[in-house]
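In full-length UniProt numbering, the protein residues as written are 1 to 392. Ideal Cβ positions, reconstructed from N, Cα and C, are used throughout, including at glycine. Here the structure is a predicted model, which is why all the values come from computation and not from measurement.
Right, dumping it as structure tokens:
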């Protein structure tokens with residue numbers, strides 16, 4: 001496949017609990033960073049695509065739909081399109097595909113993608129209402145107490161059964177992510193933990209423990225997608241979209257035919273085929289991690305563990321800073337913080353930063369190709385994207 005789209009700029013604000021920072025303030029700051037990073041001006045932007053439903057504020061969610069950012073950034077009568085895209089936790093991955101298709105079609109020359117939410121400022125009752133009802137079948141699941149935690153607990157249990165993965169190996173995912181969080185100035189959690197720290201905590205929903213789950217946070221991130229032919233004229237460090245594959249497998253998680261692996265093996269093969277690359281070409285993996293099992297599914301499917309099970313590979317320290325296969329180098333949702341349905345935008349931002357050589361203390365030396373994964377709702381879809389410093 002000929003490369004038709006590239007990421008040319010990124011932006012992000014610190015993630016955590018910021019009660020005095022509005023969603024609009026955070027969004028404008030992240031967008032300005034991305035525009036400046038690309039060496040562009042606001043009036044160069046032709047489309048704005050807010051990502052995910054804003055869970056912290058219905059009012060700001062409507063503002064995004066009604067083009068508030070275009071006004072705040074001085075883009076009125078220069079932007080051709082403002083449209084929100086929502087695909088749950090997969091919104092970041094899904095938006096890359098849509099933005100890439102828009103620029104490839106010629107409808108617009110570039111798209112500013114942005115996510116901003118005060119997810120960490122939602123109330124406990126809001127959180128209970130969200131995750132006990134959304135994506136849970138009212139007829140067949142809700143009456144029995146099914147919720148987001150039990151859905152992923154079932155996936156985790158089945159994955160452990162099929163692969164022999166242990167709870168200690170699940171804990172090692174959180175340990176790896178925290179080590180990357182230490183190096184990330186935008187992360188909410190910047191202190192290291194051990195497997196023993198994780199295992200000392202009680203189960204929330206067997207086999208899930210608090211530190212193997214993400215915590216809600218306030219944050220914003222943004223990136224700009226441009227036509228591949230334009231990208232080298234915009235920035236000296238374009239990152240090309242070489243592959244982006246995905247597959248929807250269920251609505252109700254109780255109807256998923258393969259809880260252990262979802263669609264990741266099939267989707268990874270498609271993404272590699274699109275990219276013209278193979279596992280040996282990947283230098284860094286940015287894997288979605290609302291729960292610690294999710295990076296394991298992606299790493300296995302991507303074939304990045306040198307023939308080992310992902311849990312054993314991660315427990316051996318190979319995904320830590322300086323390891324064989326750096327994984328989720330922001331610390332992900334578990335260490336950087338879960339900012340809502342658009343949390344995957346931060347993974348795409350980080351994948352681009354790594355390939356641009358702009359990741360600071362987290363920089364993976366000589367990184368050329370990156371893989372990114374995503375999944376949304378009650379893990380109803382599987383996404384794999386392949387980014388590269390090299391176009392085809």
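query = Where residue 192 and residue 359 are concerned, what is the direct C-alpha to C-alpha distance, given to the nearest angstrom?
reply = Within the chain shown, the letter at position 192 stands for residue 192. Within the chain shown, the letter at position 359 stands for residue 359. Approximately 19 angstroms between the Cα atoms of the pair.
Who pairs with residue 110 in a beta bridge, going by DSSP?
-> Position 110 of the chain shown, counted from the first residue, corresponds to residue 110. Answer is 226, bridged to residue 110.
ask   = Are the stretch 51-61 and the stretch 153-160 touching by the rule of at least three beta carbon pairs closer than 8 angstroms?
value = The stretch 51-61 makes no contact with the stretch 153-160, as fewer than three CB pairs between them are under 8 angstroms.
Please classify residue 206 as buried or exposed, where buried requires at least 16 other C-beta atoms within 10 Å of its C-beta. On the chain shown, position 206 is the one that residue 206 refers to. With fewer than 16 Cβ atoms within 10 Å of its Cβ, residue 206 is classed as exposed.
- With distances taken Cα to Cα, identify the nearest neighbour of residue 238 among 163, 121, 357, 290. Your numbering for residue 238 matches position 238 in the chain shown. For residue 238, the nearest C-alpha among the options comes from 357.
Q. Looking at C-alpha atoms only, which residue of 162, 305, 241 is the closest neighbour of residue 275?
A. Position 275 of the chain shown, counted from the first residue, corresponds to residue 275. Of all alpha-carbon atoms in 162, 305, 241, the one lying nearest the alpha-carbon of residue 275 is that of 241.
message = Under 8 angstroms, with one C-beta from each stretch per pair, do the stretch 6-14 and the stretch 208-224 reach the 3-pair mark?
response = They touch, by the three-pair rule.
Item to complete: Closer than 6 angstroms by C-beta to residue 213: which residues in its own chain qualify, once you throw out the five before and the five after it? Chain order, please.
Response: As a first step, residue 213 is located in the chain shown; it is residue number 213 there, counting from the start. For residue 213, where only same-chain residues beyond five positions count, the Cβ hits under 6 angstroms are 291.
Tell me the DSSP secondary structure of residue 381 in three-state form.
Residue mapping note: residue 381 aligns to position 381 of the chain shown, counting from 1. In the structure shown, residue 381 falls within a strand segment according to DSSP collapsed to helix, strand and coil.
- In terms of residue numbering, what span does the beta strand (DSSP E) encompassing residue 193 cover? Position 193 of the chain shown, counted from the start, is the residue given in the question as residue 193. Counting along the chain, residue 193 sits inside no beta strand (DSSP E), nor does DSSP assign it H or E at all.
Please classify residue 212: does DSSP put it in a helix, a strand, or coil? Reading the chain shown from its first residue, position 212 is the one you call residue 212. Helix, per DSSP.
Cutoff 6 angstroms; reference residue 326; Cβ partners in own chain excluding five residues on either side
The sequence position of residue 326 within the chain shown is 326, counting from 1. Hits under 6 angstroms: 284, 364.
Item to check | Buried or exposed (CB count within 10 angstroms, at least 16 for buried), residue 128 | outcome: Counting from 1 along the chain shown, the entry for residue 128 is found at position 128. Counting the other Cβ atoms within 10 Å of the Cβ of residue 128 gives fewer than 16, which makes it exposed.
Thinking C-alpha only, which one of 150, 101, 372 is nearest residue 264?
Within the chain shown, the letter at position 264 stands for residue 264. Comparing alpha carbon positions, the residue from 150, 101, 372 closest to residue 264 is 372.
Q) In terms of residue numbering, what span does the alpha helix (DSSP H) encompassing residue 234 cover? A) By one-based count along the chain shown, residue 234 stands at place 234. The continuous alpha helix (DSSP H) containing residue 234 extends over residues 231-234.
Please go through the same chain and pick out, in chain order, the residues whose beta-carbon is closer than 7 angstroms to the beta-carbon of residue 104, but skip the five residues on each side of it.
-> Mapped onto the chain shown, residue 104 falls at position 104. These residues qualify, in order along the chain: 4, 5.
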